[in-house]
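Q: Next up is a structure, given as structure tokens.
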Amino acid sequence: MSFVEVSEDCDFSYQNLPYGVFSTAGNPCHRVGVAIGDYVLDLTVVQDLFDSELAAKAIVGQTTLNGLMGAGRAAWTLFRNTLKKILSADEAVLRDNAALRAQALVPMVDVSMHLPAQIGDYTDFYSSKNHAFNVGVMFRGKDNALQPNWLHLPVGYHGRASSVVVSGTPLTRPSGQILTSPTSNTPMFSPCKLADFELEMGFFVGKGNALGEPITMAEAADNIFGMVLMNDWSARDIQKWEYVPLGPFNAKNFGTTISPWVVTIDALEPFKLPQLKQEPEPLSYLKEPDSFSFDINLNVSIQGESMSKAELVSQSNFKHMYWSMRQQLVHHSVTGCNMRPGDLLGSGTISGTEDSQLGSMLELCWKGTREVKLGDSGEVRKFLKDGDTVVMTGHGQGMGYRVGFGECVGKILPARPVAH
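For the sequence shown, the positions run 2 to 421 when my numbering is used.
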């Protein structure tokens, strides 16, 4: 255990130690930190306790986690082992040095969090079978719900890295072309009327690969640095009009929110589960050699501007993913596409089999045919209103500890006036 006191229901246990980038009012420089309990360990203060070469890549002068991400698996293990030693209840270096401890452990209430990486590229997948089936039923009917390719490869699209934002950043309701009625093929320019959230998780690429050299399944795990919560905001009416024939574009590019703390795969190892059975069996390059699914509880709550608190609308779990993170990474690079440290890959909406486990308003309201109650507030929703705040949380539950992600929070602001 650690000498830092951590409550059992805190996301940031000694077993977790997630990485993030933070600043303080007294020191506005962005720097790398590690969350533990109610504190952030400022790694710039304790950088001399790490291997000097690794510290230079991961800490010294670094304003993002890209250096650590690109250092590779062996370096990640060394870095994590050093962290655990520094924070151990049996290690005196920080525990017994009150002055150093006060400087190194910054109260979390005093920090501002920033994007953890410089994101060069962002790809979003569509890898929950339940979600893909539900959407397919809505728009194509039960007999044609899944497209023929869906069971053979992880479907994805190239997102917009520039509009990935850290938790707490408000987003403006987008405007674009929408249809005025279901029978019309003539669009109008209007603020989006069907704003939605999508409950997702994302992962950051580690060392990556050279152009023309695909990442194999045997190499994939060593190229996944860690995971974040993700809200892939969607404008459903804009999406409906634009997605044929090339898929999502403006309906997705106005904002994607991620949680600021990156939880490593090592920290999630105790929550590993067998993957869902895949039928038909994937082609050989996509076959999973062992389990790479995880038991991560996921919650979504919504708080309207007149509400006193956020109310739960969805409880899902990462274990519902059909295609794994390794399969997503391997398929993305199979053409020789070069993945780079800090590239972000999203899971796609994560929905379970029950109504309470659906990961988007599109499913919860079933394309507008039913209302979603926001607890006992008296408010209902079909899609998101201006001023709504969406709060996503997630954690793996151990015996007496949690490995969590903190919050992924975003608020929808009114659209800018439409010019006529």
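From the three backbone atoms N, C-alpha and C, an ideal C-beta is built for every residue, glycine too.
Note that the coordinates shown come from a computational prediction; the quantities given were computed from them, not determined experimentally.
1) Let me know the alpha helix (DSSP H) ranges lying completely inside the stretch 330 to 408, each 4 residues or longer, listed in chain order.
2) At the level of alpha carbons, what is the spacing between residue 334 and residue 17?
3) The beta strand (DSSP E) spanning residue 201 covers which residue range?
4) Note down, one range per segment and in chain order, each alpha helix (DSSP H) of at least 4 residues found wholly within the stretch 94 to 160.
5) Using a Cβ-Cβ cut-off of 8 Å (strictly less than) and excluding sequence neighbours within five positions of residue 372, which residues of its own chain qualify?
6) Among 274, 124, 400, which one has its Cα closest to the Cα of residue 348?
7) Do residue 388 and residue 305 have their beta-carbon atoms positioned less than 8 Å apart in this structure?
8) Between which two residues does the beta strand (DSSP E) harbouring residue 1 extend?
9) Kindly indicate the opening and closing residues of the beta strand (DSSP E) around residue 189.
10) Could you compute how far the alpha carbon of residue 259 sits from the alpha carbon of residue 202?
11) Whole angstroms is fine: what's the gap from residue 403's alpha carbon to residue 396's?
12) Nearest to residue 282 by alpha carbon, out of 153, 22, 86?
13) If we define contact as Cβ-Cβ less than 8 Å, is residue 242 a contact residue for chain C?
14) Kindly identify the DSSP beta-bridge partner or partners of residue 197.
15) Excluding sequence positions up to five away, which residues of its chain have a Cβ less than 7 Å from the Cβ of residue 296?
16) At what residues does the beta strand (DSSP E) containing residue 300 begin and finish?
17) Between the stretch 324 to 341 and the stretch 278 to 294, do three or more beta carbon pairs fall short of 8 Å?
18) Using the beta-carbon count (16 or more within 10 Å), is residue 159 buried or exposed?
19) Which same chain residues, not among the five before or five after residue 90, have their C-beta less than 8 Å away from its C-beta?
20) Reducing DSSP to helix, strand and coil, say where residue 286 ends up.
21) Cα separation between residue 157 and residue 346?
22) Can residue 359 and residue 198 be called in contact, C-beta distance under 8 Å?
23) Could you please give me the residues that DSSP links to residue 36 through a beta bridge?
24) Taking the straight line between their C-alpha atoms, what separation do you get for residue 226 and residue 102?
25) Unbroken alpha helix (DSSP H) runs of length 4 or more, entirely within the stretch 241 to 269: which are they?
26) Taking the beta carbon of residue 419 as the centre, do at least 16 other beta carbons fall within 10 Å, making it buried, or is it exposed?
27) For residue 261 versus residue 164, is the C-beta distance shorter than 8 Å?
28) Any idea what DSSP makes of residue 414, helix, strand or coil?
29) Does the distance from the CB of residue 34 to the CB of residue 342 come in under 8 Å?
30) Hey, out of 252, 10, 36, 7, whose CA is closest to residue 263's CA?
31) What is the rounded straight-line gap between the Cα of residue 47 and the Cα of residue 369?
A: Reading off the structure:
1) 362 to 365
2) 29 Å
3) 200 to 206
4) 99 to 105, 130 to 141
5) 366, 381, 382, 383
6) 124
7) yes
8) Outside the shown range of the chain, which is 2 to 421, sits residue 1, and nothing can be said about it.
9) 188 to 192
10) 8 Å
11) 6 Å
12) 153
13) Of the protein chains in the structure, only one exists, and it is not chain C.
14) 235
15) 272, 274, 318, 320, 397
16) 298 to 304
17) yes
18) exposed
19) 2, 3, 4, 96
20) helix
21) 9 Å
22) no
23) 41
24) 28 Å
25) 266 to 269
26) exposed
27) no
28) strand
29) no
30) 36
31) 53 Å
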